[in-house]
Every structure is written in C-alpha cells, then in structure tokens.
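Presented below is the structure to which this report refers.
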Amino acid sequence: MDIRRSELPLLISLDALLEELNVTRAARRLNISQSALSGQLAKLRDIFNDPLLVPAESGRGMVATHRAQELKTKLGDALRQLQGAVLPSGVFDPVTAQRTFVIAANDSVFTILGVPALGRILGFGNRGLRVSFVSSSDQELRERMERGEIDLFLGDTGKVPDTLKSRFLMSDSFLMAQRKGHPRGNRAATLDEYCALSHVLVSQRGEFHSHIDELLSAIARKRDVAITVPSYNQVALVLSHSDCVATLPRRLLMRYRAILDILPAPIEVPPFRLAMAWHARAHADNGNVWLRELFVELATSPDDADRDAQSGDGNR
C-alpha cells in the first residue's frame, strides 16, 4: 500500500483514534470537529481496506480491529520518531523520553555496571525508555556505532576501538572466589595452595590460559585450570557446584557473595580498567550525553562491596 504525502496527516488522526477509541475524545485531542474526524476515519478505512474501529458491544466507545491493533504500536513509534526528528534538541528527560539505547558490553561489564544502570532506568517508570545490551565482541562494532545502531561501548580500556571517543570509568581489583563451605575453609590461600587448586577460567575460545597464568609463569609457578566457560556469570554456577576456585574482578564477584566466599588472591594482578566509548556523531546528542553521565555516576559511586566493607559485613 502506497501512502501519498497528502494522506500523512490522516495517520496522525489514526494514532489519536487508536489511543482514545472514541471519536469525540480524539477530535477534542486533535482540535478538530467530530464530523471532520469521522470523515477522516472513512478515508482511512478506504486506504487500509479495513474498518479499523467498530462500535463496542457495550455501546460505549469503539473497539480496534485486528489490523488496527497491528498498526497501533508501529504507527505510534513512527510518529514519535518523526516528531523527534523535527523538534529542536533539548534537555533529555528520562521520565518522558521515547528512546531505545543499545549498549555493547560483555556479561562481566553488564553485571558490574549494566545491572545497576537498568535499576536506575526502570526506576523512572517510563515504558518509552528502553535498553538493549548486545555483545561487545561484534566484529562490526565500529561500523554499527557509526551507523547509529549502537550508542555506547563498555569494556576494557585496551579494547576500545581507536576511532571512537572514550572516557575512563573505573578500575577494579582481582579477588579469588570459592563456594561457601569449601573444604579448604575460608582463609586466604597461600601461593602454593592457590596453584594446587582447580581453577575455572572464562574463555570464548576454550583456551586454558590467561594473563594470570602469564603472571604465574613469570615467577616460575603454574596453576591447574580445570574448566573453561564462555560466560563470566557461569563461573558462579560452576563454583557453587564444585571445589574449584576462580580469580575475577571484585565488583563482579560481589554480586554473588551470598553463595561465594570472596578472598584475597595470593598473587598481585593488575587491576581491571573499564572505559566507555561512543562515536563522534553522538558526542553532542543529549540522550547519549545523559547515558554517559549515568555510567560515570555509577562507576564512581560506592558499590555494595564498599558499603559492606564500611559496615564490617564483607568477607574479604
């Protein structure tokens, strides 16, 4: 079906009709007469070859047909995008904004910063504000950000694409984790004990070697990596069902402190350094600016681990 430009105003009227399900209220909302809107509805029925709205059995208001229900969400989204394209850019208000943000991050970063970010966003109670997290290992990451398909990248500072603008967010130390009730007890492990324990490693390629093994090799030591999993959040599941241990960023592990003992690692591991990056095309976009400020605030505010340590409840 071909919609001519002269018929585009009719879609605005259809959007109001589908929202109100009442010709009188929709006409009042559009600031036109009821008879004029009834005439527009007749034209819309011809265009879509569908009644669109039929009288309710109760005799009050109208009921949308199946075709009209299909149109409602798509039409509303399209009109909001059109309105956003022509209105001057103003302050981004997360309470009223109609926007979907797409963020690239692995599951470790999602757990560290993505989860608290979602808590903040859902707290606004705005169903028009949506967030989609996608894999940060996408080979077309830069191209997708250039096309505006991805708004923000969150990840290790060493993995930020050179062509993007970036900002350092936080650093995080590495700790050792084991299941509660582990037969070795919950004391800090010595280096000898650490190397003798069975370890779980995160590897997308199934490799049994990481930067920690390189650090151990530099002091002529070696640990026993028994299991690899592709996801950071699978580690807690493995640990809770085995006597294995793992060495991961503190903020990630603290999400699982209810089922894991979090202990110092017997080897000094350089901190995990987390940054965010965005394309230059989105640098001045008010929504993107708001999103970046949200992650800056979350990265610099005390997390659950910090609060536990201050109250004496941590098990480090």
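Under my numbering, the sequence shown is numbered contiguously, ending at residue 305.
Quick reminder that beta carbons are idealized off the backbone N, C-alpha and C, glycines included.
1. I need the DSSP call for residue 213, collapsed to helix, strand or coil.
2. State the DSSP-derived secondary structure class of residue 251, mapped to helix, strand or coil.
3. Would DSSP call residue 69 helix, strand or coil?
4. Leaving out five residues before and five after residue 294 in sequence, what residues of the same chain have Cβ atoms less than 7 angstroms from its Cβ?
5. Relative to the alpha-carbon of residue 286, which residue among 193, 264, 270 has its alpha-carbon at the smallest distance?
6. Out of curiosity, what's the CA-to-CA distance linking residue 143 and residue 289?
7. For residue 119, write down the residues that DSSP places opposite it in a beta bridge.
8. I'd like to check one pair, residue 4 with residue 41: are the Cβ atoms closer than 9 angstroms?
9. Which full runs of the beta strand (DSSP E) of 3+ residues lie inside the region 175 to 240, going along the chain?
10. Can you name the start and end residues of the beta strand (DSSP E) that residue 166 belongs to?
11. With burial defined as no fewer than 16 other Cβ atoms inside 10 Å of the residue's Cβ, what is the status of residue 2: buried or exposed?
12. When we look at the beta-carbon of residue 151 and count the other beta-carbons within 10 Å, is it buried (16 or more) or exposed?
13. Mind checking which residues open and close the alpha helix (DSSP H) that includes residue -2?
14. According to DSSP, what are the bridge partners of residue 172?
15. Which one of 138, 194, 0 has the shortest CA to CA distance from residue 68?
16. Could you tell me the boundaries of the beta strand (DSSP E) in which residue 53 lies?
17. On the CB-based measure, 16 or more other CB atoms within 10 Å of its CB, does residue 24 come out buried or exposed?
18. Once the 5 residues before and after residue 309 are set aside, which same chain residues still bring their CB inside 8 angstroms of it?
19. Relative to the alpha-carbon of residue 129, which residue among 93, 106, 110 has its alpha-carbon at the smallest distance?
20. Considering only DSSP beta bridges, list what residue 265 is partnered with.
21. So for residue 44, helix, strand or coil by DSSP?
22. Give the secondary structure of residue 257 by DSSP, where H, G and I count as helix, E and B as strand, and everything else as coil.
Taking the structure as given:
1. strand
2. strand
3. helix
4. Legend: pLDDT at residue 294 = 49, less than 50; position of this residue unreliable, value from coordinates given subsequently. Excluding positions up to five away in sequence, the list reads 239, 240, 243, 303.
5. 264
6. 15 angstroms
7. 89
8. no
9. 187 to 191, 213 to 218, 235 to 238
10. 163 to 168
11. buried
12. exposed
13. -3 to 9
14. DSSP output for residue 172 lists no bridge partner at all.
15. 0
16. 51 to 53
17. exposed
18. Since the displayed the chain opens at -10 and closes at 305, residue 309 lies outside it and no answer follows.
19. 93
20. 143, 156
21. strand
22. coil
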